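>
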Amino acid sequence: MPKIYRCPKCDARYDPPLDAASACPGCGIWFQKWLRQEGFGGGPAEAPAGVFVPAPDAEVGAATFYGRLAAFVLLALWSFRLAGYDYRVAEINASFMHAILLPIHEAGHVFLMPFGEFMTVLGGSLFQLALPLGIGAAFLLRQNDRFGAALCVWWAGASLVDLSPYIWDALNPQMVLLGGRTGEDGPHDWIYLLERFGLLHRAHGLGATAHHLGVLVMFGGLAWCAPWLLRHWKALRGRDAPSRAD
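Put into structure tokens, the structure is as follows:
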């Protein structure tokens, strides 16, 4: 059965390709039915360019592969750094990662402000986790880009690691917040949230769990990247082999 490399309707690219009898995960069309309806019933020879064979710009070249490999190595090293931060004293708050995630957190408060006090307070932490997962879902469902989706899973794990000191701090607030005060003197998201559910006494356990779960999610995202890298490394070696033989 022919393989589909590109959706003829929404132009999503598939790596690896999909069976012609399946549906596009992005727009939902059934490939065989759509091709027949559009008058391409004669098979691969009559189909739009790039549907049954890889379009030249859809092939992963050496630059793309080595760029993604470099990103993988960088994030792997960064993961060990993030995992080593002591969440009990909020070491991550002095890091570059926290500087990236803090504006996202604050934006979440603003975006969910129309939905009331509870959602406004929850919005910072919720948006910090939901944004990478939403982008990852778009990579996966719209473009079938598993590598991009895996990096977004890593990002979500890093976000959870970043939140863990905030959760831990709720029981005995010492962390200096944006207003220059601690949770004892001003608003603290996780004091509010945990008190709301009667879980404030479990703040230390929940903070530790968030840190360790975030570390697992980060390394899980990297593990998801590995098959893509291995497959395309083999493909690049296969394309280079004829040149070396000549």
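For the sequence shown, the residue numbers in our numbering are 1348 to 1593.
Ideal placement from N, C-alpha and C gives every residue a C-beta, glycine not left out.
Computed from a prediction, not measured in an experiment: that's the story for all the values here.
(1) In chain order, what residues of the same chain lie with their CB nearer than 6 Å to the CB of residue 1472, ignoring the 5 residues before and after it?
(2) Would you tell me roughly how many angstroms separate the C-alpha atoms of residue 1375 and residue 1354, rounded to the nearest one?
(3) Provide the residue(s) that pair with residue 1351 in DSSP beta bridges, ordered along the chain.
(4) How would you call residue 1457, buried or exposed, if buried means at least 16 neighbouring beta carbons within 10 angstroms?
(5) Rounded to whole angstroms, what's the CA-CA distance from residue 1465 to residue 1540? Just pull it up for me.
(6) Per DSSP, what kind of secondary structure is residue 1437 in: helix, strand or coil?
(7) Would residue 1496 and residue 1487 be called neighbours here (beta carbons separated by less than 7 Å)?
(8) Indicate the three-state DSSP secondary structure (helix, strand or coil) for residue 1528 in the structure shown.
(9) Could you give the DSSP three-state label for residue 1370: helix, strand or coil?
(10) With a 10 Å radius around its C-beta and 16 neighbouring C-beta atoms as the bar for buried, classify residue 1544 as buried or exposed.
(11) Tell me the residue span of the alpha helix (DSSP H) that contains residue 1476.
(12) Mind reading off the beta-carbon distance from residue 1503 to residue 1534? Whole number of angstroms is fine, and I expect it under 8 Å.
(13) In terms of residue numbering, what span does the alpha helix (DSSP H) encompassing residue 1380 cover?
(14) Leaving out five residues on either side along the sequence, give the residues of the same chain with a beta carbon under 7 Å from the beta carbon of residue 1501.
(15) Among 1584, 1561, 1461, which residue has its Cα nearest to the Cα of residue 1428?
The relevant details are as follows:
(1) Cβ within range, chain order: 1510.
(2) Between residue 1375 and residue 1354, the C-alpha separation is close to 10 Å.
(3) The partner list for residue 1351 (beta bridge, DSSP) reads 1365.
(4) So residue 1457 ends up on the exposed side.
(5) When the Cα atoms are used, residue 1465 and residue 1540 turn out to be separated by approximately 8 Å.
(6) In this structure, residue 1437 counts as coil in the three-state DSSP scheme.
(7) Between residue 1496 and residue 1487, the CB-CB gap stays under 7 Å.
(8) Three-state DSSP puts residue 1528 in coil, outside helix and strand.
(9) DSSP, read as helix, strand or coil, puts residue 1370 in strand.
(10) With fewer than 16 Cβ atoms within 10 Å of its Cβ, residue 1544 is classed as exposed.
(11) Per DSSP, residue 1476 is one residue of the alpha helix (DSSP H) stretching across 1464-1490.
(12) Between the beta-carbon of residue 1503 and that of residue 1534 there is about 25 Å, and that puts the pair past the 8 Å contact cut.
(13) DSSP places residue 1380 in the uninterrupted alpha helix (DSSP H) bounded by 1378-1384.
(14) Hits under 7 Å: 1422, 1565, 1568, 1569.
(15) Per the Cα distances, 1561.
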